[in-house]
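*Asks:*
Protein chains in written order, with my numbering: chain Z, 923 to 1054; chain G, 67 to 384.
1) How far does the alpha helix (DSSP H) with residue 957 of chain Z in it reach, from first residue to last?
2) Is it the case that the Cβ atoms of residue 270 of chain G and residue 146 of chain G are separated by a distance below 8 Å?
3) Just to check my reading of the structure: residue 381 of chain G and residue 97 of chain G have Cβ atoms closer than 8 Å, yes? What is that Cβ distance to the nearest angstrom?
4) Check whether chain G comes within 8 Å of residue 989 of chain Z, counting only Cβ atoms and requiring the distance to be less than that.
5) Going by beta carbon distance, what residues of the same chain come within less than 6 Å of residue 1037 of chain Z, once the five residues before and after it are set aside?
6) In the DSSP output, which residue or residues are listed as bridge partners for residue 346 of chain G?
7) How many Å lie between residue 136 of chain G and residue 234 of chain G at the Cα?
8) Suppose you measure from the CA of residue 283 of chain G to the CA of residue 1009 of chain Z; what does that come to, to the nearest Å?
9) Using DSSP with H/G/I as helix, E/B as strand and the rest coil, what is residue 384 of chain G?
10) Under 8 Å: do the region 243-263 of chain G and the region 287-294 of chain G share three or more Cβ pairs, one atom per stretch?
11) Would you call residue 275 of chain G buried or exposed, if buried means 16 or more other Cβ atoms sit within 10 Å of its Cβ?
12) Using C-beta distances below 6 Å, list every residue in its chain close to residue 955 of chain Z, excluding the 5 sequence neighbours before and after it, in chain order.
13) Name, please, each residue of chain G whose Cβ falls closer than 7 Å to the Cβ of residue 1026 of chain Z.
14) Are residue 121 of chain G and residue 95 of chain G touching if we call contact CB-CB under 8 Å?
15) Could you name the residues of the region 1004-1022 of chain Z whose beta carbon sits closer than 8 Å to any beta carbon of chain G, in the order they occur along the chain?
16) Verify whether the separation of the beta carbon atoms of residue 971 of chain Z and residue 1033 of chain Z is less than 8 Å.
17) Nearest chain G C-beta to residue 985 of chain Z closer than 8 Å, yes or no?
18) Along chain G, in chain order, which residues have C-beta atoms closer than 7 Å to that of residue 982 of chain Z?
19) Short of 7 Å in beta carbon distance, which residues of its chain neighbour residue 80 of chain G, apart from the five on each side in sequence? Order them along the chain.
20) Taking any Cβ of chain Z, which residues in the region 357-370 of chain G have a Cβ under 8 Å from it, in chain order?
21) Would you say residue 297 of chain G and residue 336 of chain G are within 8 Å of each other, going by their C-beta atoms?
22) With a cut-off of 8 Å on the beta carbons, I'd call residue 245 of chain G and residue 384 of chain G a contact; round off their distance for me.
23) Where does residue 365 of chain G fall in DSSP's three states?
24) Taking CB distances under 8 Å as the criterion, tell me whether residue 283 of chain G reaches chain Z.
25) Strictly under 8 Å for the Cβ-Cβ distance: is residue 351 of chain G near chain Z by that measure?
26) Taking the alpha-carbon positions, what's the residue 931 of chain Z to residue 950 of chain Z distance?
27) Hey, out of G/324, G/203, G/219 and G/227, whose CA is closest to residue 197 of chain G's CA?
28) Give the C-beta separation of residue 247 of chain G and residue 186 of chain G to the nearest angstrom, bearing in mind that I take them to be a contact with Cβ-Cβ under 8 Å.
29) Assign residue 976 of chain Z to one of three DSSP states: helix, strand, or coil.
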């Protein structure tokens, strides 16, 4: 299954929205798409926010991709946030304990608030966020 | 193959309940009995049956030892952790003066998997035969060494049974006591081997002390083939996935998540979590089991995977 990732710059943060299922078949594709985004965000020391509202499943191989991305971002002191998990994916994060090692937020608005005031303001002014 | 009995299920180091642990279980049971009918034993049993496993029992603390029941007179056992001691006592008690034969399959030679041998009563009985199988070059020397001075009071020569060592070539199927046995190399410090046992249309896989590098698709494919169609997979689910691939990466163990994924891909019927983390109490293992069952439920494909957590004394019929 083809995994789509749409991205947009919001002030000093990048929001990436993968859509589909991240399993043993598509994890390599997810990693290939995520790697340049991580490199760019880490180099700029900007935040990378993964909007997971379009992901309906993630396997261990996909979680490993997230862990590597988080490690690379941490090395450059740039935040990686995972946001808006569907209920099944949220359960997988909890069972795997990934909710303890990654920064996970309930909504994109919460994630942008953790990025920077500029990112939050830009996100809200774009009208794509629910009322706080 | 008729079934499996677990004599030791704990990983790395044997553990025991403390007085406080037992007191907490008793207190919980008494609380549950408050206001209930207590007149008969069946009333009491009904109260106990309503408690979670961790509140009324224990997963136990012996290290790895699993018996395969083939229905035959000869015994098949995986690993010689501290659980080998109670197994040996039970086997010796059933002897009735007849010499016994034991076929013991070693995953590897780390101490938690060999420490039961010096306390294995049948090995002291002349006429008995103990055949130890493995794929490590040091199979015999490692077992002899643990009883050398200054580690143990008596050396290997104390054993009265005939002690034999058989090297198994990984990937090749051997016929042993009516069972087709195939071993496979696993990732663990110093190597470990998983075993696939096939007999009378039933398949049991014993795969402990095995780390699964998630980036290597061919590794997962190899295990899916090894597990394929098994009635039961006994699986090292010692860590959470997050721990297994971060702070405990390269420690040689796996997670419940990878166990579910591999078993689902391999169309296994029953996944049994094994080699429990020694720092986990009974409630923690109960929680891991509940989460693993939930994971299986939310990721289920065409076939349901039954999930259990092994405890000392547990029997699984095939």
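Quick reminder that beta carbons are idealized off the backbone N, C-alpha and C, glycines included.
*Replies:* For this structure:
1) In the first chain, residue 957 of chain Z corresponds to position 35, counting from 1. Where residue 957 of chain Z is concerned, the enclosing alpha helix (DSSP H) stretches over 949-966.
2) Working through the second chain from its first residue, we reach residue 270 of chain G at position 204. Working through the second chain from its first residue, we reach residue 146 of chain G at position 80. No. Outside cutoff.
3) Here the question's residue 381 of chain G lines up with position 315 in the second chain. Here the question's residue 97 of chain G lines up with position 31 in the second chain. Not a contact, Cβ separation roughly 30 Å.
4) As a first step, residue 989 of chain Z is located in the first chain; it is residue number 67 there, counting from the start. Yes, because at least one Cβ of chain G sits closer than 8 Å to the Cβ of residue 989 of chain Z.
5) The residue given as residue 1037 of chain Z occupies position 115 in the first chain. Closer than 6 Å at Cβ, skipping near neighbours: 935 and 969.
6) For the purposes of this step, residue 346 of chain G is identified with residue 280 of the second chain, where counting begins at 1. Bridge partners of residue 346 of chain G: none, in fact.
7) Within the second chain, numbered from 1, the residue matching residue 136 of chain G stands at position 70. Within the second chain, numbered from 1, the residue matching residue 234 of chain G stands at position 168. Each residue's Cα considered, the two are about 20 Å apart.
8) One-based indexing of the second chain puts residue 283 of chain G at position 217. One-based indexing of the first chain puts residue 1009 of chain Z at position 87. Using only the alpha carbons, I get a separation of about 27 Å.
9) Locating residue 384 of chain G in the second chain gives position 318, where the first residue counts as 1. Here DSSP, grouped into helix, strand and coil, assigns residue 384 of chain G to coil.
10) Yes, they touch.
11) In the second chain, the residue the question calls residue 275 of chain G occupies position 209. Its Cβ being crowded by 16 or more others within 10 Å, residue 275 of chain G is buried.
12) Here residue 955 of chain Z refers to the residue found at position 33 when the first chain is read from its first residue. Cβ neighbours of residue 955 of chain Z beyond the five flanking positions: 927.
13) Looking up residue 1026 of chain Z in the first chain gives position 104. Simply none; closest approach about 12 Å.
14) As a first step, residue 121 of chain G must be located in the second chain, where it is residue number 55. As a first step, residue 95 of chain G must be located in the second chain, where it is residue number 29. For residue 121 of chain G and residue 95 of chain G, yes; Cβs fall inside 8 Å.
15) 1010, 1013, 1014, 1016, 1017, 1018, 1019, 1020 and 1022
16) Taking the first chain and counting its residues from 1, one reaches residue 971 of chain Z at position 49. Taking the first chain and counting its residues from 1, one reaches residue 1033 of chain Z at position 111. Contact: yes.
17) Within the first chain, the letter at position 63 stands for residue 985 of chain Z. With 8 Å as the cut-off, residue 985 of chain Z counts as an interface residue toward chain G.
18) Here residue 982 of chain Z refers to the residue found at position 60 of the first chain. Those within 7 Å of residue 982 of chain Z in chain G are 280, 307, 323, 324 and 327.
19) Against the second chain, residue 80 of chain G aligns to sequence position 14. If we look at residue 80 of chain G and ignore the five residues flanking it on each side, its Cβ neighbours are 127, 128, 129 and 148.
20) Those residues of the region 357-370 of chain G placed with their C-beta closer than 8 Å to a C-beta in chain Z are 357, 358, 360, 361, 364 and 365, ordered along the chain.
21) By 1-based counting over the second chain, the position of residue 297 of chain G is 231. By 1-based counting over the second chain, the position of residue 336 of chain G is 270. A contact, by the Cβ cut-off of 8 Å.
22) Numbered from 1 along the second chain, position 179 holds the residue referred to as residue 245 of chain G. Numbered from 1 along the second chain, position 318 holds the residue referred to as residue 384 of chain G. About 12 Å; that fails the 8 Å criterion.
23) One-based indexing of the second chain puts residue 365 of chain G at position 299. Coil.
24) Start at 1 with the first residue of the second chain, and residue 283 of chain G comes out as number 217. Taking Cβ atoms only, chain Z reaches closer than 8 Å to residue 283 of chain G, which makes this a yes.
25) Counted from its first residue, the second chain places residue 351 of chain G at position 285. Between residue 351 of chain G and chain Z, the shortest Cβ-Cβ separation is not below 8 Å.
26) Looking up residue 931 of chain Z in the first chain gives position 9. Looking up residue 950 of chain Z in the first chain gives position 28. Rounded to the nearest angstrom, the two C-alpha atoms are 24 Å apart.
27) Locating residue 197 of chain G in the second chain gives position 131, counting from the first residue. Closest by alpha carbon: G/227.
28) The residue you call residue 247 of chain G lines up with position 181 of the second chain. The residue you call residue 186 of chain G lines up with position 120 of the second chain. In fact, because the Cβ distance is near 20 Å, the residues do not count as touching under 8 Å.
29) As a first step, residue 976 of chain Z must be located in the first chain, where it is residue number 54. Here residue 976 of chain Z sits in helix by DSSP.
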